[in-house]
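*Asks:*
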Amino acid sequence: MSDQHIVRSYDADLEGLRRSLAEMGGMSERMLGDSTVALVRRDTALAQKIISADQRLDNLQREVEEKAVLTIARRQPLANDLRELISAIRIAADIERVGDLAKNIAKRAVAISGQFSPPHRAVVGLEHMSRLVQAQLKDVLDAYAASNEQKAMDVWRRDDEIDALYTSLFRELLTYMMEDPRNITFCTHLLFCAKNVERIGDHTTNIAETIHYLVTGQSIDETRPKLDTTNILVDLPAANG
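With UniProt numbering applied, the sequence shown corresponds to residues 1 to 241, in that order.
1) Given Q218, which residues of its chain have a CB within under 6 Å of its CB, disregarding the five upstream and five downstream residues?
2) Throw me the rounded Cβ distance for the K103 and I50 pair, which I believe falls under 8 Å.
3) Determine the direct distance from the alpha carbon of A194 to that of P181, and round the result to whole angstroms.
4) Indicate the three-state DSSP secondary structure (helix, strand or coil) for residue 244 in the structure shown.
5) Straight-line CA distance for Q150 to V37?
6) Comparing C-alpha positions only, which one of H212, M24, A146, I112 sits nearest to G99?
7) For A239, count the other beta carbons within 10 Å of its own beta carbon; 16 or more makes it buried, fewer makes it exposed. Which is it?
8) Compute the distance between the beta-carbons of M153 and H212, then report whether it is under 9 Å.
9) Is L32 closer than 9 Å to I89 when the C-beta atoms are compared?
10) Which residue wins for smallest C-alpha separation from Q134, given the options A12, G26, E63?
11) Cutting at 6 Å between CB atoms, please list the residues of its own chain near L236, excluding the five before and the five after it.
12) Shortest alpha-carbon distance to L126 belongs to which of N196, T210, D221?
13) Near E84, which residues of its chain fall below 7 Å by C-beta distance, leaving aside the five closest residues on each side in sequence?
14) Pick helix, strand or coil for Q55, following the three-state DSSP scheme.
15) Take L137 as the anchor and find which of R158, R75, Y166 has the nearest alpha-carbon.
16) Quick one: what's got a C-beta closer than 7 Å to T71's C-beta in the same chain, skipping five residues either side?
17) In chain order, what are the residue ranges of uninterrupted beta strand (DSSP E) at least 3 long that sit wholly in the UniProt domain "PhoU" (21-108)?
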């Protein structure tokens, strides 16, 4: 086999991984957006579609990991090429977790179906937070596709805004729960959903860090911005992924 053929074959391996990651990224974006819509509208049919879609995302993640490991074993790549394969494994894992968290939100949408409905303002903050995280996810996936380290770092630095919103929403929902006991169940579900959205924001910053490593060969030596001052729900279990 000629060296040129080996290079072409290796390039095809990398391109296949990039296509799979692009598909995963698009799926995760849709799942996050649809899960928020399903929650706000209490659309159980849409929620069930999201829950079902997660299996495809899981399968793609496994395929990316297996292909990357096989390529490393076959090609024994060095430097930049090895970083790309390692980065693909990392990013696929983060995208898969985004899907799991979106699925958890969809499960909450099913759980609250038919329950007492609090004022609409109770979900406005969550909608806003979800839109910002959706924008972060899109931007970081675009940064990966373009190998744009500067754009990735911009996403990384925006994480503190999501944390601040989560803290504000946490306090607002607790207030609604104290004002009317009928709000407790619904707002508790919203609190878990808000935490899932905040965790998705964390995964976008993980991806940004991987892009920085991919492009520069170095880990980020700054401390990740973190403004989440809530502690009560951090260790409570979300719906099972």
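Glycine included, each C-beta is placed from N, C-alpha and C at the ideal position.
Fair warning: this is a prediction, and the values are worked out from it, not measured in the lab.
*Replies:* Answer, in terms of the structure:
1) none
2) 6 Å
3) 20 Å
4) Absent from the model: residue 244. The displayed extent of the chain is 1 to 241, so no value can be given.
5) 31 Å
6) M24
7) Caution applies to A239, whose pLDDT of 43 falls short of 50 and renders its modelled position unreliable; the model cannot decide the point.
8) With contacts defined by Cβ atoms closer than 9 Å, M153 and H212 form a contacting pair.
9) no
10) G26
11) Residue placement at L236 is poorly supported in this model, since its pLDDT is 41, which falls under 50; the coordinates still yield a value, given next. Excluding positions up to five away in sequence, the list is empty.
12) N196
13) L14, L214
14) Helix, per DSSP.
15) R158
16) D13, L85
17) none
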